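Report on the following structure.
Protein chains: 2
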Amino acid sequence: MVDENVVYVGNKPVMNYVLACMTLINRGADEIIVKARGRAISRAVDVAEILRNRFLLGQIGVSDIKINTEQINREEGGVSNVSAIEITLSGGEETE
Amino acid sequence: MVDENVVYVGNKPVMNYVLACMTLINRGADEIIVKARGRAISRAVDVAEILRNRFLLGQIGVSDIKINTEQINREEGGVSNVSAIEITLSGGEETE
């Protein structure tokens, strides 16, 4: 159930991901997790802030933020470390 | 005192900011705050992860992460919203 409520943020326009999150919320999800790696991390923060301050103002808040490091296999061989973020948005908690 | 322990992450190489944080820690800061806005947010996460997993492994942990939206004045007039992050790193708490 939790895995269904994850939105992975990549290199598309930020509103694509905002819309994906809105769709999950409108289907009844009471918690969504916005995930991103590398340079997309900034965009994931944008997604959370746009939802929290504009489209879902007063309905959701940021309940948790985690950062970690993931290892990815490079095409040319070897392993790279890449930073990652998980932002949990949920109704109630930090909203007022 | 707290303000002295802030490192603002911008567009320079990530190791510049890692070094700035190490300097603060070596001067006795028991808590540092890594701040960034816009695209530099990803780099701020890199700084925290590199410190936590490499240079200060076992000595510091992430104790808090906040995101928010700041308004900046554009050169051509008007105001833009930009996402921002504050990552608090401190000794003890999440280290093991």
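In order, the protein sequences belong to chains A and B.
Oh and the first sequence: position 83 is 83 in my numbering, straight run, nothing missing.
Numbering-wise, my numbering comes out as the position in the second sequence, counting from 1, plus 96.
Glycine is no exception: its CB is placed at the ideal position from the N, C-alpha and C atoms.
The structure presented is a predicted model; accordingly, all values stated were derived computationally and were not measured.
Exposure of residue i, with buried meaning 16 or more beta-carbon neighbours within 10 Å
i      : result
A:Y8   : exposed
A:D46  : buried
B:I119 : Note that residue 119 of chain B corresponds to Thr in the displayed sequence, not to Ile. Exposed, by the Cβ-count rule.
A:V18  : buried
B:E172 : exposed
B:L147 : buried
A:V62  : buried
A:R74  : exposed
A:S80  : exposed
A:E49  : buried
A:I60  : buried
B:N122 : exposed
B:R139 : buried
A:R97  : Within the shown structure, residues of chain A are numbered from 1 to 96, placing residue 97 of chain A beyond reach of any answer.
Cβ of residue i within 8 Å of any chain A Cβ
i      : result
B:V158 : yes
B:T165 : yes
B:A144 : yes
B:I168 : no
B:I161 : yes
B:I181 : yes
B:S186 : no
Residue-level contact to chain B via CB, residue i, 8 Å cutoff
i     : result
A:R39 : yes
A:V45 : yes
A:V18 : no
A:M1  : Below a pLDDT of 50, predicted positions are generally treated as unreliable, and A:M1, at 46, falls in that range; the measurement from the model is reported next regardless. Not closer than 8 Å to any Cβ of chain B, the Cβ of A:M1 fails to qualify, so no.
A:S80 : no
A:I33 : no
A:T23 : no
Neighbourhood of residue i by C-beta, 7 Å cutoff - its chain only, sequence neighbours within 5 removed
i      : result
B:N107 : A136
B:N164 : A180
A:N16  : none
Neighbour flag for residue i against chain C, beta carbons, 8 Å
i      : result
B:N149 : Considering every chain present, this structure includes no chain C. Its protein chains are A and B.
Nonlocal neighbours in the same chain, by C-beta distance under 6 Å from residue i, ignoring five residues either side
i      : result
B:K162 : E182
A:C21  : V7, I32, L51
Cut-off 8 Å between Cβ atoms - residues of its own chain near residue i, not counting five sequence neighbours on either side
i      : result
B:D160 : E182, I183, T184
A:Q71  : V79, S80, N81, V82
B:G124 : none
Meets three-Cβ-pair contact criterion under 8 Å: the segment 26-34 of chain A and the segment 78-93 of chain A: yes
Minimum length 4: unbroken alpha helix (DSSP H) runs contained in the segment 100-132 of chain B: 110-122
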